[in-house]
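So in full-length UniProt numbering, spot 337 of the sequence shown is number 337, and the numbers just go up one at a time.
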Amino acid sequence: MYKSVRSKAIVVFVITIMLCSIIPFLDFMVVKTYAADQPTGSGTANDPYLIASHQDLEWIRENYISKSLNDKYFVQTADIDLSGVDNFEPLDKKSVGFSGTYDGCWHTISNMKITDTVTSCDGYLSVGFFANLHYASDDKQGTVRNIKFSNVNINIAESNLHIGAIAANAEGTLENCYVSGTIVGGDDSLVGGLVGNSMANIISCYNAANVSAGNSTGVLVTAGGIAADCGWNLQDCWNSGNISSSSKDAAAVGGIVGRTNASLINCYSIGNVSLTGNVLEEDHNRSRAGGISGNALSNNLSSNYYLDGTCGHGIGMYDNNLPSDIGAEPKQVSDLKSALNSSDWGSADTWSKSEGQYPSLLTTANVPHAISADGGPGTVTVNWDKSKRAGAYRIYWSTESGSYNEENSVIAWGYEAKSKTIKGLVGGTTYYFVVKGVGDGNALSTESNEVSAIAKTDNTPPTWADGYPQARTVTQNSAEVLLQTDELGKAYYVVVEDGVAAPTAAQVKAGKNASGGDPGTGKKGSVNLTADTTATINITNLEPATNYHIYVVAEDGTPNLQASAVKVDIETTSTTGIDRTNLIGNFYSSVPGEGITGGVTLSDDQQWH
Numbered sequence: 001m002y003k004s005v006r007s008k009a010i011v012v013f014v015i016t017i018m019l020c021s022i023i024p025f026l027d028f029m030v031v032k033t034y035a036a037d038q039p040t041g042s043g044t045a046n047d048p049y050l051i052a053s054h055q056d057l058e059w060i061r062e063n064y065i066s067k068s069l070n071d072k073y074f075v076q077t078a079d080i081d082l083s084g085v086d087n088f089e090p091l092d093k094k095s096v097g098f099s100g101t102y103d104g105c106w107h108t109i110s111n112m113k114i115t116d117t118v119t120s121c122d123g124y125l126s127v128g129f130f131a132n133l134h135y136a137s138d139d140k141q142g143t144v145r146n147i148k149f150s151n152v153n154i155n156i157a158e159s160n161l162h163i164g165a166i167a168a169n170a171e172g173t174l175e176n177c178y179v180s181g182t183i184v185g186g187d188d189s190l191v192g193g194l195v196g197n198s199m200a201n202i203i204s205c206y207n208a209a210n211v212s213a214g215n216s217t218g219v220l221v222t223a224g225g226i227a228a229d230c231g232w233n234l235q236d237c238w239n240s241g242n243i244s245s246s247s248k249d250a251a252a253v254g255g256i257v258g259r260t261n262a263s264l265i266n267c268y269s270i271g272n273v274s275l276t277g278n279v280l281e282e283d284h285n286r287s288r289a290g291g292i293s294g295n296a297l298s299n300n301l302s303s304n305y306y307l308d309g310t311c312g313h314g315i316g317m318y319d320n321n322l323p324s325d326i327g328a329e330p331k332q333v334s335d336l337k338s339a340l341n342s343s344d345w346g347s348a349d350t351w352s353k354s355e356g357q358y359p360s361l362l363t364t365a366n367v368p369h370a371i372s373a374d375g376g377p378g379t380v381t382v383n384w385d386k387s388k389r390a391g392a393y394r395i396y397w398s399t400e401s402g403s404y405n406e407e408n409s410v411i412a413w414g415y416e417a418k419s420k421t422i423k424g425l426v427g428g429t430t431y432y433f434v435v436k437g438v439g440d441g442n443a444l445s446t447e448s449n450e451v452s453a454i455a456k457t458d459n460t461p462p463t464w465a466d467g468y469p470q471a472r473t474v475t476q477n478s479a480e481v482l483l484q485t486d487e488l489g490k491a492y493y494v495v496v497e498d499g500v501a502a503p504t505a506a507q508v509k510a511g512k513n514a515s516g517g518d519p520g521t522g523k524k525g526s527v528n529l530t531a532d533t534t535a536t537i538n539i540t541n542l543e544p545a546t547n548y549h550i551y552v553v554a555e556d557g558t559p560n561l562q563a564s565a566v567k568v569d570i571e572t573t574s575t576t577g578i579d580r581t582n583l584i585g586n587f588y589s590s591v592p593g594e595g596i597t598g599g600v601t602l603s604d605d606q607q608w609h
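Okay, here's the thing in structure tokens:
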């Protein structure tokens with residue numbers, strides 16, 4: 001028997017039967033799976049793939065090329081713990097980079113461990129959640145936002161690496177990203193808390209990971225709390241991790257960045273920054289350490305601070321000259337907190353400030369604005385402008401102005417979402433709507449202004465989503481069928497054998513076959529439908545090795561019944577038994593398995609147990 005599993009591992013079981021001869025033929029029951037597991041969604045801004053588990057991340061990697069996922073939208077809807085994964089490989093391992101959007105919706109990926117490298121599309125040995133945050137073939141850029149990586153464990157001794165917990169190499173945007181843990185790279189490497197080699201716009205990010213790079217054997221080693229090598233703008237970031245390199249020669253190590261030739265504004269670092277290779281103080285042309293940046297090739301640094309004593313200078317080498325504190329000032333603890341909490345530093349719409357404390361980055365969503373609503377047949381589409389720091393939006397509706405509750409609300413996932421269609425409404429009725437942004441911890445913003453619209457009369461039956469209905473799993477006596485429509489309502493089904501006439505839509509709704517008869521127990525029924533949500537019908541009492549037609553019809557709440565039923569064809573599997581006469585000897589069977597820790601027994605019903 002072959003079990004439906006996601007693992008590619010093959011477990012070989014040896015079953016010994018001591019009778020009189022070797023079994024000539026054995027037909028195990030086969031479970032037929034008709035559709036691969038994949039996250040909900042279609043990958044657009046308004047309908048992103050919803051990621052909630054390690055298995056969902058594996059699905060992205062395994063289907064990256066075949067489903068062209070490089071430019072799609074993904075939203076993480078739950079915390080994901082990668083404990084037990086010995087070596088997490090980049091999601092874009094099998095491609096030429098990622099130019100889509102990954103929105104963590106303020107969730108956490110914890111315990112990501114990486115012990116090996118991949119070769120990125122740019123030819124670098126790369127280590128990170130993504131290898132390349134840009135798509136090389138068309139030069140499109142990627143985005144990662146609203147995500148936390150907790151207890152990252154990266155320790156690779158190889159040389160010439162690009163390492164960043166989020167991306168080894170990045171172009172595009174990183175916003176509201178956080179990293180903690182330990183990140184260690186080998187000689188001649190670029191090692192950053194978030195990004196190794198960055199040409200990305202990095203905004204409102206924080207690093208608490210300890211970051212360490214190896215020695216130099218002739219190539220510049222760089223290490224930084226946010227990015228190792230930064231060629232694009234970086235603003236409103238901070239670091240509390242310790243940053244170091246063991247290099248005795250060419251190195252650039254900084255609390256925020258190792259090396260930069262772009263603007264660096266409103267950042268601060270309180271972690272220790274050090275070169276442990278006994279570099280001579282006067283040898284600034286070869287190795288540099290800075291509380292903010294080890295090497296700044298531009299003079300566009302302003303309003304940056306570091307904790308005095310964590311490093312000798314704010315900039316290890318400034319504009320190809322000696323060390324400097326220009327745009328990167330040292331301050332003692334109390335003075336540093338006072339300067340950072342001053343109204344002159346940073347924006348109140350970015351930083352949370354409290355006297356006597358170090359500022360932290362805001363994680364609450366702003367109030368959505370520019371709200372509008374348009375009525376359709378049994379629907380109203382609500383529109384809004386994107387809200388800063390929102391990982392999702394919750395839309396509320398009511399027939400009474402100013403009266404809202406969670407029961408009549410729905411989520412639109414992702415910062416990029418800008419509209420949501422509320423379905424199953426009563427035609428001719430006025431509905432009122434407000435929208436709230438969803439921030440860290442599912443905290444909701446203040447509600448938006450209220451808008452209203454009239455739902456029009458619905459004279460159109462539901463429409464099946466692409467690929468639905470679809471047979472899911474078929475055994476010798478049962479089957480699952482997945483359903484999804486664009487409206488709230490109900491689906492009805494009947495099952496008939498091959499060769500039997502097709503029933504009408506009305507007959508299917510009534511649970512009858514084409515002759516008006518009863519299809520039998522387990523071969524008829526109904527299931528409630530929620531708009532754009534998968535529902536499952538479970539069919540039982542089927543005969544083995546038989547072809548069946550499953551007729552399904554959907555109806556909305558008006559009610560509008562579809563004109564004809566959709567047919568889904570299945571074939572149940574065989575149940576050939578084990579002939580127990582004249583058997584002796586051993587036989588072998590390769591069976592896909594997953595998570596099997598104990599013994600395996602083949603029972604009379606031919607199931608593995």
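Beta carbons: idealized from backbone N, C-alpha and C, even for Gly.
(1) Near Gly-327, which residues of its chain fall below 6 angstroms by C-beta distance, leaving aside the five closest residues on each side in sequence?
(2) So what's Gly-441 in DSSP terms, helix, strand or just coil?
(3) Looking at the secondary structure, which residues open and close the beta strand (DSSP E) in which Lys-386 lies?
(4) Tell me the start and end of each unbroken beta strand (DSSP E) in the region 159–191 that is at least 3 residues and wholly inside, in chain order.
(5) Is the separation between the beta-carbon of Leu-194 and that of Ile-203 shorter than 9 angstroms?
(6) Which residues in the same chain have their Cβ closer than 8 angstroms to the Cβ of Asn-299, if we skip the five residues on either side of it in sequence?
(7) Pull up the distance between the alpha-carbon of Glu-571 and that of Asp-37, whole angstroms please.
(8) I think Gly-255 touches Gly-231, with their Cβ atoms under 8 angstroms apart; what is that distance to the nearest whole Å?
(9) Would the region 235–247 count as touching the region 394–414 if we require 3 or more Cβ pairs under 8 angstroms?
(10) Determine the DSSP secondary structure at Ala-339, reduced to helix, strand or coil.
(11) Could you tell me which whole beta strand (DSSP E) segments of length 3 or greater appear in the region 494–518?
(12) Where does Ser-603 sit, in a helix, a strand or coil, going by DSSP?
(13) Quick check on DSSP: helix, strand or coil for Val-85?
(14) Can you tell me where the beta strand (DSSP E) holding His-54 begins and where it ends?
(15) If contacts are defined as beta-carbon pairs under 8 angstroms, then Leu-174 and Ala-200 qualify, I think. What distance do you get, rounded to the angstrom?
(16) Mapping the DSSP letters down to three states, classify Leu-194 as helix, strand or coil.
(17) On the three-state DSSP scale, how would you describe Leu-69?
(18) Round the Cβ separation of Thr-421 and Thr-381 to the nearest angstrom and send it over; I've been treating them as touching at under 8 angstroms.
(19) Residue 610 lies in the beta strand (DSSP E); which residues open and close that run?
(20) If we count Cβ pairs, one from each stretch, closer than 8 angstroms, do we get three or more for the region 523–538 versus the region 480–490?
(21) So what does Ala-471 bridge to, in DSSP terms?
(22) Among the residues of its own chain, which have a CB less than 6 angstroms from the CB of Asn-285, if the five just before and after it don't count?
(23) Under 6 angstroms Cβ to Cβ from Glu-281, same chain only, skipping five residues before and after it: list those, please.
(24) Grouping DSSP H, G and I as helix and E and B as strand, with all else coil, what is Glu-447?
(25) Run the CB neighbour count on Asp-236, radius 10 Å, all protein chains shown included, and call it buried at 16 or more, exposed below.
(26) Of the choices Gly-104, Asn-155, Lys-67, Tyr-432, whose alpha-carbon is the least far from that of residue 627?
(27) Does the distance from the C-beta atom of Asp-229 to that of Gly-196 stay below 9 angstroms?
(28) If we ignore side chains and look at the alpha-carbon of each, how far apart do Gln-357 and Lys-337 end up?
(29) Can you give me the start and stop residues for the beta strand (DSSP E) that Ile-411 sits inside?
(30) Taking the beta carbon of Glu-555 as the centre, do at least 16 other beta carbons fall within 10 Å, making it buried, or is it exposed?
By the coordinates alone:
(1) The beta carbon of Gly-327 sits closer than 6 angstroms to the beta carbons of Leu-301, Ser-302, Asn-304 from its chain, once the five residues preceding and following it are set aside; these are given in chain order.
(2) In this structure, Gly-441 counts as helix in the three-state DSSP scheme.
(3) DSSP places Lys-386 outside any beta strand (DSSP E), giving it a letter other than H or E.
(4) Within the region 159–191, the complete beta strand (DSSP E) runs of at least 3 residues are 161–164, 167–184.
(5) 9 angstroms or more divides the Cβ of Leu-194 from the Cβ of Ile-203.
(6) These residues qualify, in order along the chain: Tyr-318, Asp-319, Ile-326, Gly-327.
(7) One C-alpha to the other measures close to 21 angstroms.
(8) Their Cβ separation, rounded to whole angstroms, is 18 angstroms, which puts Gly-255 and Gly-231 out of contact at 8 angstroms.
(9) They do not touch, by the three-pair rule.
(10) Residue state for Ala-339 is assigned as helix, using DSSP reduced to three classes.
(11) Segments of the beta strand (DSSP E) lying fully in the region 494–518: there are none.
(12) For Ser-603, the predicted model reports a pLDDT of 48, less than 50, meaning its position is unreliable; a value from the coordinates is still stated below. For Ser-603, the secondary structure class from DSSP, reduced to helix, strand or coil, is coil.
(13) Correct three-state label for Val-85: coil.
(14) No beta strand (DSSP E) holds His-54; the alpha helix (DSSP H) holding it covers 54–62.
(15) The C-beta separation of Leu-174 from Ala-200 comes to about 5 angstroms, placing the pair in contact by the 8 angstroms criterion.
(16) It is coil, neither helix nor strand.
(17) Helix, per DSSP.
(18) Contact flag correct, Cβ pair sits at about 5 angstroms.
(19) Residue 610 lies beyond the range of the chain shown here (1 to 609); nothing can be said about it.
(20) Between the region 523–538 and the region 480–490 there are three or more inter-stretch CB-CB distances shorter than 8 angstroms, so the stretches are counted as touching.
(21) When DSSP reads this structure, Ala-471 sits in a beta bridge with Val-481.
(22) For Asn-285, the predicted structure reports a pLDDT of 47, less than 50, and the residue's modelled location is therefore unreliable. A value from the coordinates is still provided. The beta carbon of Asn-285 is closer than 6 angstroms to none in its chain, skipping five residues each way along the sequence.
(23) The predicted model places Glu-281 with a pLDDT of 46, which falls under 50 and marks its position as unreliable; any figure quoted below should be read in that light. The answer is none, since no qualifying residue turns up.
(24) In this structure, Glu-447 counts as coil in the three-state DSSP scheme.
(25) Taking every protein chain shown into account, the CB of Asp-236 has 16 or more other CB atoms within 10 angstroms, so this residue is buried.
(26) Because the chain in this structure spans residues 1 to 609, residue 627 falls outside the shown range and cannot be described.
(27) Contact flag set, yes.
(28) If you take the alpha carbons of Gln-357 and Lys-337, they lie about 6 angstroms apart.
(29) If you look at Ile-411, you'll find it in the beta strand (DSSP E) that goes 409–413.
(30) Under a 10 Å Cβ-count criterion, Glu-555 is classified as buried, with 16 or more other Cβ atoms of the shown protein chains found around its own Cβ.
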